[in-house]
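According to numbering that gives the first Met the number 0, the sequence shown holds residues 0 to 182 in order. Quick reminder that beta carbons are idealized off the backbone N, C-alpha and C, glycines included.
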Amino acid sequence: MKVIGIVGMPASGKGEVSKIARDLGIPVVVMGDAIRERVQEAGLPPTDANCGAIAGKLRADLGMDAIARITIPRIEATGAPVVLVDGIRGDYEVAAFKEHFPDFTLIGIDSSFTTRYRRLTNRGRSDDSLTPEEFQTRDERELGWGLGRALEGADCRITNEGSLDEFSAEVRALLRRLGGMEE
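The following block contains the structure:
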């Protein structure tokens, strides 16, 4: 099984990569879904603070690779030859995926704080209603989980500062190449 992971700061474009993968017929497993499910099970509203607290507790209780280990059975359950994993947040998760899936490739998405904040305010998810200061706090929390180290160790990187069409074309070509698909 070929597993392609996506890592990037919040609102860098990971969701767009997932949409493109789905369009190409590649199943997508979103790591954040495991967090959102646990927030819902706890009867909490799906705010950034609650999602962050649950994610932090899982990592504290089960280890820094907890979300990856929770996600691995979901990846395997797809039964697909190529699967995309959206939302890697740290180098420990990358290590868990590389250990479990020998054919694992990590794509890093780079985007500036200003660009990401503009996107965040436009995308309308329940955990996105943040001030710039709160968004910076979110960045710092995720960097504390090893996101920066994971991004630095990515096998390939895409800068997402231009148009959506430019980003989509670059991602589509990369996913086709990594997934062994015809152009």
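Between the Cα of residue i and those of the options, spot the shortest distance and give me the residue it belongs to.
| i | options | result |
| --- | --- | --- |
| F213 | V38, S17, V81, R118 | Residue 213 falls outside the range modelled here, since the chain spans only 0 to 182, and no answer is possible. |
| V6 | L163, A172, T158, G179 | T158 |
| M0 | N49, K97, G147, D164 | K97 |
| G107 | T46, E160, G62, E151 | E151 |
| M30 | T136, D164, A67 | A67 |
| G62 | C155, W144, R171, L173 | W144 |
| T104 | L83, R73, S162 | L83 |
| R213 | E160, V27, D154 | With the chain covering 0 to 182 only, the question about residue 213 has no answer from this structure. |
| G178 | G14, L23, G12 | L23 |
| V93 | T77, G78, I71 | I71 |
Any heavy atom of the ligand MN inside 7 Å of the beta-carbon of residue i?
| i | result |
| --- | --- |
| S167 | Of the ligands one can find in the structure shown there are none, so the ligand MN has no counterpart to examine. |
Which one or two residues does DSSP pair with residue i in a beta bridge?
| i | result |
| --- | --- |
| R156 | G107 |
| I5 | D85, I106 |
| V28 | V84 |
Go ahead and label residue i buried or exposed: buried means 16 or more other beta carbons lie within 10 angstroms of its beta carbon, across all protein chains shown.
| i | result |
| --- | --- |
| S17 | buried |
| E141 | buried |
| T113 | exposed |
| P131 | exposed |
| G4 | buried |
| C50 | buried |
| L174 | buried |
If we call anything under 8 Å between Cβ atoms a contact, is residue i one with residue j?
| i | j | result |
| --- | --- | --- |
| D90 | A149 | yes |
| L129 | R137 | yes |
| V27 | D85 | yes |
| I74 | V170 | no |
request  = Enumerate, from N- to C-terminal direction, the unbroken alpha helix (DSSP H) stretches of 4 or more residues contained entirely within the region 60-148.
outcome  = 65-77, 90-99, 112-122, 131-143
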